[in-house]
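Residue 869 is where the sequence shown starts when you use our numbering, and the numbers rise one by one after that. Note that the Cβ used here is the ideal one computed from N, Cα and C, for glycine as well. Predicted model, so just to flag it, every value in this text is computed and none were measured. Single-structure report; data block below.
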Amino acid sequence: TDSQQFTIRKLLTNKVKDSDILTIYTKALADKPRKTFYASAGEPLKLYLDSSNTAAGLILRQADNTLLTASIPLPAVHNYANSNEAQGAYMLTKKYLNQIKDYTKTAKTDLQVFTDNALLAKALTSPLKIDPITETIYYARKLRIL
């Protein structure tokens, strides 16, 4: 927002210590926005996991309502970073797991998971394996357990 940008500019121009900036951000982020959620009867919750070798993102939707959006950067190690993508999807889902569970409990409906990573999608739909063969299957298994 404009007020946040103004605060950041003010902090940077006044050469405030990093520790003071961190304290201000910590206090600002401690207050969670309060949103009222109205469930759409009969509509499933859809969790979209979009992952690449540079970032991972998630969107939680029900009908036309976007309930949660988040993303995190990932280190780009190579062009075919399927295990890195699966790890990013897992990290992001784990970070927002409580919110996702709250929405699922409030909506009293199924949670459907969609992803653009073919290996992760296949691993999510396959039976759980005790000894995972690849990192992608390992993180898919961890996602399913969540």
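Rounded to a whole number of angstroms, what is the C-alpha to C-alpha distance between residue i and residue j?
i	j	result
G925	T993	20 angstroms
G910	T977	7 angstroms
A957	L913	17 angstroms
L979	Y964	14 angstroms
Y948	K969	Caution is warranted here: a pLDDT of 48 is assigned to Y948, below 50, making its placement in the model unreliable, and the coordinate value is therefore given only provisionally. So the alpha carbons of these two residues sit roughly 31 angstroms apart.
A954	Q873	33 angstroms
Y971	D870	30 angstroms
A986	K973	29 angstroms
D932	R1012	25 angstroms
Under the rule that 16 or more other beta-carbon atoms within 10 Å means buried, what is residue i, buried or exposed?
i	result
Q930	buried
T891	exposed
T922	exposed
Y1007	buried
T961	buried
If residue i and residue j are in contact, beta carbons under 8 angstroms, what's the gap, nearest whole angstrom?
i	j	result
V981	L936	Not quite, the Cβ-Cβ distance comes to about 13 angstroms (not below 8 angstroms), so this is no contact.
D984	S939	Their Cβ separation, rounded to whole angstroms, is 14 angstroms, which puts D984 and S939 out of contact at 8 angstroms.
A907	A975	4 angstroms
Going along the chain, which residues of its own chain have a beta-carbon closer than 6 angstroms to the beta-carbon of residue i, five neighbours each way excluded?
i	result
Q927	One point to set straight first is that residue 927 is Ile, not Gln, in the sequence displayed. Cβ neighbours of I927 beyond the five flanking positions: Y916, T937.
K1010	Y958
A989	T983
P941	A923
Excluding the 5 residues preceding and the 5 following residue i in the sequence, name in chain order all residues of the same chain whose CB lies nearer than 7 angstroms to its CB.
i	result
Q967	L936
T934	I927
I998	Confidence is the limiting factor: at I998 the pLDDT is only 45, short of 50, which leaves the residue's position unreliable, though a coordinate-based value still follows. Nothing listed; no residue qualifies.
Looking at the ligand PLP, does it come within less than 7 angstroms of residue i, judged from the CB to the closest heavy atom?
i	result
A991	Ligands in the displayed structure: none, and consequently the ligand PLP is not present.
Q) Which runs of the alpha helix (DSSP H), 4 residues or longer, sit entirely within the region 921-978? A) 950-963, 965-975
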